[in-house]
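Some notes on the structure that comes next.
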Amino acid sequence: MLPLPRQLSTQARLAFAWRPRPRAVIVPWFLKTMGLQIFNTRTRRVEPFKPLDPSGRRVGMYCCGPTVYDYGHIGNFRTFVFADLVRRYLEFRGYEVRHVMNITDVEDKIIRGVRETGLSLQEYTSRYEKAFWEDAAALHLLTPHCRPRAAEHIGEIIKLVQRLMERGFAYKAPDGSVYFSIERYCRAGHRYGQLLNLDLDQLRPGARVSSDEYAKDAAADFALWKARSPEDGEVYWESPWGEGRPGWHIECSAMSMKYLGPSFDLHLGGEDLIFPHHEDEIAQSEGAELQPSGRPFVNYWLHGAHLLVEGRKMSKSLGNFFTLRDLLAQGFAGREIRFLLLSAHYRDPLNFTLQGLRAARGALERLDDCLQSLREIAGDAEAEPQPEPLDRFTAAMDENLNVSAGWAAVFDWVREQNRAIREGRLTPNQAAAALAAWRRLDSVWGLGEPEEKVPEEILALARERQEARKARDFQRADAIREELLRRGWRVEDTPKGPRVKRN
Ligand code: AMP
Ligand code: ZN
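Take -6 as the starting number for the sequence shown in this note's numbering and just add one per residue.
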């Protein structure tokens, strides 16, 4: 079986034009009126965003979705929160976004999981897909309009492979696998290496190590269709080349083009997907030659930097990860985690620490307190949004989603509101106008209101403590109080009984 390298080798990294990049680009004022400017990995430039739609309104956006073999870690979710921010900001700017996100439910790690658990593919993946959507909801991710699963698109995938065969860019190996020939593709005038400068001789070093690789014409070629092997168990489909299953890259080409057409606006993912996943997606999709002449498969490629732990990428393989569930069980709210993930620019690595998460919680509380005071003053009053801080926020976000400046606009505004509240000079109408402005901002930040809901296990502990107190087992009651504190909750005994609050 061909192991698809999912991360860049050191050599490829060195050849990689993605970094260094200009930091803190100062955009002149007149450019700010030009609308959203965004960094395009394909051109390595910050460019004005212009949809392909002649009316300039509709935008097609594809984000590579999760591989549903386990619970997602918050590194994965950094990328999905980034995609959500892009969608929300485009909608804020008046675009009508069609957001497609696939579910990778056929893949090596999944097949291993199916083998080890004895479940069917569907039983195994549906468990993790369900968990993914629950996590997505906890982080306030807007549901994509279309959520195709690879296993339900085998027909489309086979058709695309057939087309690549017809064009001469794909060939069948003796074992029944089908590979994409980079050499034939380039000979036909196509360019492999659009997202990074590739040294084709260095490509996929070590690929020859696996005996399966000898079936390929060239080490750089990658699998479109993988012949069935004994380890695959019952995970296989019939195809013109015999039993087998699709490669990972072709899944995204087939599904993105099916739902967004052969040429669309935006394609997103974490930076580890640039090579080989996205480069191979371009080769397959442009190799099918379905695009109107002169149009690329994807106009803007956007990639999010990684979430790190002590300087290294948070990942399952390094074991340095927190799942979203780990953090929720510790008493952190989804919106606090979202706020932390949105605190750094999407192209800057973000180092995750629990201390950083607690600091995020503190900052969010300042914002929540201010909004609460505004609500109390506004009462039933309603008003149009006040322009400040919306103008400053828009100017900041237009500049390649400069969230630091966006948050500065928000927190300066919070400070002003607090001063006005303290000095008692805010009328209900002004407070209502401020709240209306916040609602516009929050259509992008997606923080919502504080969740009052205390997790069931915390409530159970609080009840247990209450029982222990009744039984005069104060040692046990104190131990539970400590346990709650450790998980980030405190119990306050009020005249109406104990109340659990976030610490
Ligand atoms: P996967 O479920 O492995 O297919 O990954 C889903 C998404 O998470 C992909 O877009 C990856 O690029 C992204 N991803 C994986 N690890 C990290 C990380 N540490 N930080 C940010 N994004 C990540
Ligand atoms: Zn993909």
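Where is the CB? At the ideal position from N, CA and C, for every residue including glycine.
Nothing here was measured: the structure is a model prediction, and the numbers come from that model.
With distances taken between CB atoms, is the gap from Phe173 to Phe125 smaller than 9 Å?
Cβ distance not < 9 Å, so Phe173 and Phe125 don't count as in contact.
So does Glu122 have its beta carbon nearer than 8 Å to some heavy atom of ligand 2?
It does not: the Cβ of Glu122 is nowhere closer than 8 Å to a heavy atom of ligand 2.
Is Leu343 near Leu301, with beta carbons less than 9 Å apart?
yes
Please indicate yes or no: does the CB of Arg502 lie closer than 8 Å to some heavy atom of ligand 1?
Because the chain in this structure spans residues -6 to 496, residue 502 falls outside the shown range and cannot be described.
Contacting residues, own chain, Cβ-Cβ under 8 Å from Ala429 (five flanking each side not counted):
Closer than 8 Å at Cβ, skipping near neighbours: Glu375, Ala376, Glu377, Pro378, Gln379.
Rounded separation between Leu419 and Leu132 - CA only:
33 Å
Helix, strand or coil: which one does DSSP assign to Tyr82?
helix
For the candidate residues Ser249, Asp63, Gly58, Glu84, whose alpha-carbon lies nearest to that of Leu29?
Nearest of Ser249, Asp63, Gly58, Glu84 to Leu29, Cα basis: Glu84.
Of the residues Ile103, Arg160, Ala326, the one placed nearest Arg495, counting alpha carbons only:
The shortest Cα separation from Arg495 among Ile103, Arg160, Ala326 belongs to Ala326.
Near ligand 2: Cys139 beta-carbon under 8 Å from a heavy atom
No; taking the cut-off as 8 Å, the Cβ of Cys139 has no heavy atom of ligand 2 nearer than that.
Beta-carbon proximity of Val52 to Tyr82, cut-off 9 Å:
no
Taking C-beta to C-beta, are Gly274 and His242 nearer than 9 Å?
Correcting the residue identity first, residue 274 is Glu in this sequence and not Gly. Yes, the pair counts as a contact, with Cβ atoms nearer than the cut-off.
Establish whether the CB of Cys363 and some CB of chain E are separated by less than 9 Å.
Annotation note: the requested chain E is absent from the structure, which comprises a single protein chain.
Asn411 in three-state terms, based on DSSP
It is helical.
How many angstroms separate the CA atom of Glu244 from the CA atom of Trp218?
The C-alpha of Glu244 lies about 10 Å from the C-alpha of Trp218.
Is the distance from the Cβ of Arg140 to the Cβ of Asp98 below 9 Å?
no
Indicate whether Arg328 and Pro443 have their beta-carbon atoms separated by less than 9 Å.
yes
If you draw a straight line from the C-alpha of Asp405 to the C-alpha of Asn395, how long is it?
16 Å
Go ahead and label Glu358 buried or exposed: buried means 16 or more other beta carbons lie within 10 angstroms of its beta carbon, across all protein chains shown.
exposed
Quick one: does the C-beta of Gly226 sit closer than 8 Å to a heavy atom of ligand 1?
no
For Glu224, which residues of its own chain have a beta-carbon under 6 Å away from its beta-carbon, when the five flanking residues on both sides are left out?
none
Identify every residue that forms a DSSP beta bridge with Cys56.
Met94, Leu261
beta-carbon Gly441 near ligand 2 non-hydrogen atom, thresh 8 Å
No, the beta carbon of Gly441 sits no closer than 8 Å to any heavy atom of ligand 2.
Met54 versus Arg368, Ser256, Gly237, residue with shortest Cα-Cα distance
Ser256
Please classify Gly417 as buried or exposed, where buried requires at least 16 other C-beta atoms within 10 Å of its C-beta.
exposed
Taking Glu369 as the reference, which of Thr387, Phe332, Gln348, Asn411 has the closest Cα?
Asn411
In three-state DSSP terms, what is Tyr293?
strand
Distance check for Lys123 and Glu450, CA to CA, integer angstroms please.
Going by C-alpha positions, Glu450 is about 21 Å away from Lys123.
With 16 other CB atoms within 10 Å as the buried threshold, where does Glu127 fall?
exposed
Does any heavy atom of ligand 2 sit closer than 8 Å to the C-beta of Asn95?
yes
Should Gly148 go down as buried or exposed, given a rule of 16 or more other Cβ atoms within 10 Å for buried?
Here Gly148 is exposed. Its C-beta has fewer than 16 other C-beta atoms within 10 Å.
Output needed for Phe467: all residues of its chain with C-beta closer than 8 Å, excluding positions within five of it in sequence on either side, in chain order.
The answer, listed in chain order, is Ala461.
Run through the DSSP bridge pairs and tell me what Tyr164 is partnered with.
Tyr172
Beta-carbon gap between Gly182 and Leu193 smaller than 9 Å:
no
Residue burial classification, Leu153 (beta-carbon count within 10 angstroms, cutoff 16)
buried
Exposed or buried, Arg221, counting other C-beta atoms within 10 Å across all chains shown (16 or more means buried)?
buried
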